[in-house]
Amino acid sequence: MTELEVNGQRRSVSAGPDTPLLYVLRNDLGLVGSRFGCGNGQCGACFVIVEGKAVPSCDTPLWSVAGKKITTVEGLAKGGELHPVQKALLAEQAAQCGYCISGIAVAAAAFLADNQNPSEQQVREALDRNLCRCGAHNRVVRAVLRAAEEMQA
Amino acid sequence: MKNPRIRFERDRTVWIASGKVELGQGINTALAQIAAEELDVAFERVRIVPPSTAHSPDEGYTSGSMSIQEGGKGIREACVQARAALLAHAAELLGAPLGELAVDDGTITAKNGSSVTYWECAAEAGEAPPAGAGVKPSGPAKVVGKSAPRIDLPAKVAGKPAYVQDMTLPGMLFARIVRPSRPFSKLLSLPELGSKEVNLVRDGSFVGVLAEREELAIAAAAKLRAKAVWKETPVPEDFHAWLRENVTQRSVLKEIQGEKKGVKALRASYSKPFIAHASIGPSCAIARLKDGKLEVWTHSQGIFGLRHELSIVLGLPLESITVNHAEGSGCYGHNGADDVALDAALLARAANGRPVKLQWTREDEFAWEPYGPAMALDLEAQLDASGNIVAWKHELWSNGHTNRPGRSPKPALIAARHLEKPFEFSPAIDPALPPEGAGRNAIPLYDFPDLQVVKHYVRETPRRASSLRALGAYGNVFAIESFMDELATVAGAEPIEFRLRHLKDPRGRAVLESLRKAWSSWSKAENQGHGVGFARYKNIGAYCAVLAEVEAGEVLRVKRLVVAADVGLAINPDGVANQLEGGAIQATSWTLKEEGRVGATSWEDYPILRFSEVPAVEVNLVKSDSPSLGAGEAAQGPTAAAIANALHDALGVRVRNLPLTPERIVRAME
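Chains A and B, in that order, are what the protein sequence lines are. Residue 53 is where the first sequence starts when you use my numbering, and the numbers rise one by one after that. Residue 21 is where the second sequence starts when you use my numbering, and the numbers rise one by one after that.
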């Protein structure tokens, strides 16, 4: 059994230690908001926050996160209220298919936690590890800047 | 009231059965707006039933930017009829004349103040309204034409289950398939699996694995793939030369005999490569075969066509198969959604009635999704002494642009040709003109006194190919609009002016003219350029003109795009803007970076545009009350040409072969 702390809750799972975290989240813990995209950390659809950093869960073996604090897209909301980034993504209607959007929300939340007042260019660079195929990029960038403003207010 | 397309539920919602499917384009939101408008209920009450062959109308494929035109019309008619039937029944219940009833958010009120709701009278209302009854008075639209928020986004942004990938059924097994990353004819040898936890399924050269846990299926498939030996089929190195040498059929799409009295002639050859859909989420399907009945969940664009083909391949009667649409990652045409459904169904045969979830890997998707076909194009024109085009010839070489299931007597699904008893290969074909496939937008919208448009169809294909967003229009418009600029340069004319000289269509002219301000306010700097591209999608769809501003440094960078479009009445203006902007950004990615080489398996092999490379995009809709036209594919060709023309403006070099990579630009400069 491996002990995890996911979205503030202690969970123990029986998956093998080399199992990528993504499948543990999706299949064992029912947290399907982290999506499978590539399986080798190249697209960002499966990003989760581990100890403050956005990492690809498809490429993270279970053993390496034992006992660490993991936040998934489902854990971004606090007290039933969406994270400012999620609210801003909705306000800007910043998605088309939405498949990449939970990974982007996670990456942006981790980025904004360390960068309170980012420039547009910094936001773009911070999201370069996240691929979007529908072309919602500019709306996403506007949403992240909007969230940054709202988090300062 | 029994209307197969409309259901009133106790919680005061209205459920609408749509034959068109949500592909990430926001169609459910726009269709809900149409239903809310026609029924006079609040937009928030409308729900769209996930389409299924079990209960949905067969509206063919969700493709070709036709969902608002076709799906919207069907829903509009059903809602108008339902509203009339409900009103007729309410008139009886309330004892009031029909003409004196008012409807607000599903509540029908008579002049004396008595009222009844749709939900109260739906069960008893007749099926069809009495003749001439309850025609809705015309008035300003309340819901249609306004930017409603997407109904599906809140769940997706919160990370709730939203896609077929997220579905779980009781007792479900996890599956992977084992295919090489290159075209093959036969599986020659397969290693032993040596695992009791994983079930190997093989039928001829079709191989898959089933396991209780997903990671076990992944590991087993990887192990098999590493050691399996396949008889690969050869792939030509130069696709475009190969196309020219393997023509199956030549056809003249349009011919106008003129005088050909030009004083200057110009010729140029263009090309576009195979382009991947490259959706972020690889294809996925769930299948369950129990008691002779097959049920499938997938993100197909055509659940009825898929059912037809599953029936042929699996030897099951149509009535024993249900295909349900479940959303997938963004769909830009015929991707792996149908193939993965057959794969899952084949694996389900070995699952003793348990449901099987098959997730294609990124490698499977890049290797086996049907790419948008490569095209070669030759253009030729003559200018008269005043610099006007007096003759135009357009020749193209291409595979067919549709290989969708259900359109040919032979199955087009991949696994069908790999079975122990294989089905014959079904080649990609083209629909008739319009909209055509390879020949889509090959006929220019301009008015030329002498014109010849010729298509060379190539039946055999070196790799799987089918419909990708805009089909042949991307290559044809890139070539036509690049060539227009080449001619304008020779004629000494300014690009927008030169196009207007040859274009009578008033809506097309208005869209082009709307770019004039952005064109003239731009100021030239070193290595920077601007260019335009224009087309009316399919020559019968949306008008779109794009202006691109670029900077040519070590790489070609698109800094800004201005997209002007006339889509008729925009049901959801923000949805239209989102589709046009997304289309323009995707086309920028195709145009700058993308070339589908056989053997590509990862995002490293097939890079796409990233956040820091995406241009600023401004979308301007020309106001129109004409019938609505689909917007999703209109920007693809114009964007490509605008970028190539801007590159020429920046550096003085003409790159005629896509994509516009640094290597090609340098070669053109030498």
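We put the CB at the ideal spot given by N, CA and C, even for glycine.
Return the residue from the list the options that minimises the CA-CA distance to residue i.
{"i": "LYS281 (chain B)", "options": "B:PRO469, B:LYS206 and B:PRO390", "result": "B:PRO469"}
{"i": "GLN379 (chain B)", "options": "B:ARG427, B:LYS544, B:ASP358 and B:LEU399", "result": "B:ASP358"}
{"i": "ASP258 (chain B)", "options": "B:GLU615, B:PRO647 and B:ALA670", "result": "B:GLU615"}
{"i": "VAL229 (chain B)", "options": "B:GLU97, B:LYS558, B:LYS377 and B:ALA654", "result": "B:LYS377"}
{"i": "LEU314 (chain B)", "options": "B:ILE36, B:PHE445 and B:THR342", "result": "B:THR342"}
{"i": "ARG176 (chain A)", "options": "A:LYS120, A:GLY68, A:VAL192 and A:ALA161", "result": "A:VAL192"}
{"i": "ARG65 (chain B)", "options": "B:ARG460, B:LYS93, B:TRP35 and B:GLU683", "result": "B:TRP35"}
{"i": "THR112 (chain A)", "options": "A:LEU81, A:GLY85, A:PRO69 and A:LEU128", "result": "A:PRO69"}
{"i": "VAL333 (chain B)", "options": "B:LEU403, B:LYS292, B:PRO429 and B:PRO71", "result": "B:PRO429"}
{"i": "ALA405 (chain B)", "options": "B:ARG519, B:VAL283 and B:LEU213", "result": "B:VAL283"}
{"i": "ALA368 (chain B)", "options": "B:TRP388, B:ALA305, B:ALA387 and B:PHE324", "result": "B:ALA305"}
{"i": "SER209 (chain B)", "options": "B:THR137, B:SER215, B:GLU217 and B:ARG199", "result": "B:ARG199"}
{"i": "VAL227 (chain B)", "options": "B:ILE516, B:VAL510, B:GLY573 and B:ALA435", "result": "B:ALA435"}
{"i": "TYR75 (chain A)", "options": "A:CYS98, A:ILE122, A:ALA140 and A:PHE163", "result": "A:CYS98"}
Would the beta-carbon of residue i fall within 8 Å of that of residue j?
{"i": "CYS149 (chain A)", "j": "ASN182 (chain A)", "result": "no"}
{"i": "HIS260 (chain B)", "j": "ALA448 (chain B)", "result": "no"}
{"i": "LEU114 (chain B)", "j": "ALA130 (chain B)", "result": "yes"}
{"i": "GLY650 (chain B)", "j": "ALA562 (chain B)", "result": "yes"}
{"i": "ILE663 (chain B)", "j": "THR611 (chain B)", "result": "yes"}
{"i": "GLN168 (chain A)", "j": "GLN204 (chain A)", "result": "yes"}
{"i": "ARG424 (chain B)", "j": "GLY356 (chain B)", "result": "no"}
{"i": "GLY155 (chain A)", "j": "GLY96 (chain A)", "result": "yes"}
{"i": "PHE15 (chain B)", "j": "ASP180 (chain A)", "result": "With chain B covering 21 to 690 only, the question about residue 15 (chain B) has no answer from this structure."}
{"i": "HIS319 (chain B)", "j": "CYS351 (chain B)", "result": "yes"}
{"i": "TYR15 (chain B)", "j": "ASN23 (chain B)", "result": "Any question about residue 15 (chain B) goes unanswered here, given that chain B covers just 21 to 690."}
{"i": "LEU581 (chain B)", "j": "PRO635 (chain B)", "result": "yes"}
{"i": "ILE500 (chain B)", "j": "PRO464 (chain B)", "result": "yes"}
{"i": "ALA98 (chain B)", "j": "ILE26 (chain B)", "result": "yes"}
{"i": "LEU326 (chain B)", "j": "ASP223 (chain B)", "result": "no"}
{"i": "GLN606 (chain B)", "j": "ARG87 (chain A)", "result": "no"}
{"i": "ALA589 (chain B)", "j": "PRO526 (chain B)", "result": "For the sequence presented, residue 589 (chain B) should be read as Leu rather than Ala. Not in contact: LEU589 (chain B) and PRO526 (chain B) (Cβ atoms no closer than 8 Å)."}
{"i": "ARG170 (chain B)", "j": "GLY46 (chain B)", "result": "yes"}
{"i": "ILE628 (chain B)", "j": "ARG185 (chain A)", "result": "yes"}
{"i": "HIS438 (chain B)", "j": "SER225 (chain B)", "result": "yes"}
{"i": "THR381 (chain B)", "j": "SER487 (chain B)", "result": "no"}
{"i": "ALA411 (chain B)", "j": "GLN402 (chain B)", "result": "yes"}
{"i": "ASN547 (chain B)", "j": "GLU571 (chain B)", "result": "yes"}
{"i": "VAL158 (chain A)", "j": "ALA106 (chain A)", "result": "yes"}
{"i": "GLY119 (chain A)", "j": "ILE300 (chain B)", "result": "no"}
{"i": "LEU59 (chain B)", "j": "GLY91 (chain B)", "result": "no"}
Applying the 10 Å Cβ sphere with the 16-neighbour rule, what's the burial state of residue i?
{"i": "HIS297 (chain B)", "result": "buried"}
{"i": "ASP594 (chain B)", "result": "buried"}
{"i": "HIS345 (chain B)", "result": "buried"}
{"i": "LYS40 (chain B)", "result": "buried"}
{"i": "ARG556 (chain B)", "result": "buried"}
{"i": "ASN372 (chain B)", "result": "exposed"}
{"i": "THR268 (chain B)", "result": "exposed"}
{"i": "PRO652 (chain B)", "result": "One detail in the question is off: residue 652 (chain B) reads as Gly in this sequence, not Pro. Buried, because 16 or more other Cβ atoms sit within 10 Å of the Cβ of GLY652 (chain B)."}
{"i": "LEU43 (chain B)", "result": "buried"}
{"i": "ALA143 (chain B)", "result": "exposed"}
{"i": "ILE560 (chain B)", "result": "exposed"}
{"i": "TRP115 (chain A)", "result": "exposed"}
{"i": "ASN132 (chain B)", "result": "exposed"}
{"i": "GLU385 (chain B)", "result": "buried"}
{"i": "LEU433 (chain B)", "result": "buried"}
{"i": "LEU416 (chain B)", "result": "buried"}
* **Contact residues within the region 298-312 of chain B, judged by C-beta distance below 9 Å to chain A** => ALA298, SER299, ILE300, GLY301, PRO302 and CYS304
* **Members of the region 140-157 of chain A near chain B, C-beta cut-off 7 Å** => LEU141, LEU142, GLN145, ALA147, GLN148, CYS149, GLY150, TYR151, CYS152, ILE153, SER154 and ALA157
* Asked: At which residue ranges does the region 562-647 of chain B contain complete beta strand (DSSP E) runs of 3 or more residues, listed in the order of the chain?
  -> 563-572, 576-586 and 636-641
* Short-range partners of chain B found in the region 161-188 of chain A, where Cβ spacing is below 9 Å -> Those residues of the region 161-188 of chain A that come within reach of chain B (Cβ to Cβ, closer than 9 Å) are GLN173, VAL175, ARG176, GLU177, ALA178, LEU179, ASP180, ARG181, ASN182, LEU183, CYS184, ARG185, CYS186, GLY187 and ALA188.
* To do: Taking only beta carbons into account, state which residues of the region 537-570 of chain B come closer than 9 Å to chain A, listed in chain order.
  => none
* **Within 9 Å of chain B by C-beta, residues of the region 82-99 of chain A in sequence order** => GLY82, LEU83, VAL84, GLY85, SER86, ARG87, PHE88, GLY89, CYS90, GLY91, ASN92, GLN94, CYS95, GLY96 and ALA97
* Jot down the residue ranges of each uninterrupted alpha helix (DSSP H) in the region 207-266 of chain B, minimum 4 residues, whole runs only, in chain order. => 234-247 and 259-265
* Sequence ranges, beta strand (DSSP E) only - wholly within the region 111-190 of chain A, length at least 3 -> 121-123
* Asked: Which residues, in chain order, does the region 164-184 of chain B contribute to contact with chain A at a C-beta distance below 9 Å?
  -> The residues in question are SER167, PRO169, ARG170, ASP172, LEU173, PRO174, ALA175, LYS176, VAL177, ALA178, GLY179, LYS180, PRO181, ALA182 and TYR183.
* Asked: When Cβ atoms are compared, which residues of the region 32-55 of chain B fall closer than 8 Å to chain A?
  -> LEU43, GLY44, GLN45 and GLY46
* Runs of alpha helix (DSSP H) lying entirely within the region 42-85 of chain B, each at least 4 residues, in chain order -> 47-59
* To do: Note down, one range per segment and in chain order, each alpha helix (DSSP H) of at least 4 residues found wholly within the region 359-394 of chain B.
  => The qualifying runs are 382-388.
* To do: Taking only beta carbons into account, state which residues of the region 363-380 of chain B come closer than 8 Å to chain A, listed in chain order.
  => GLN379
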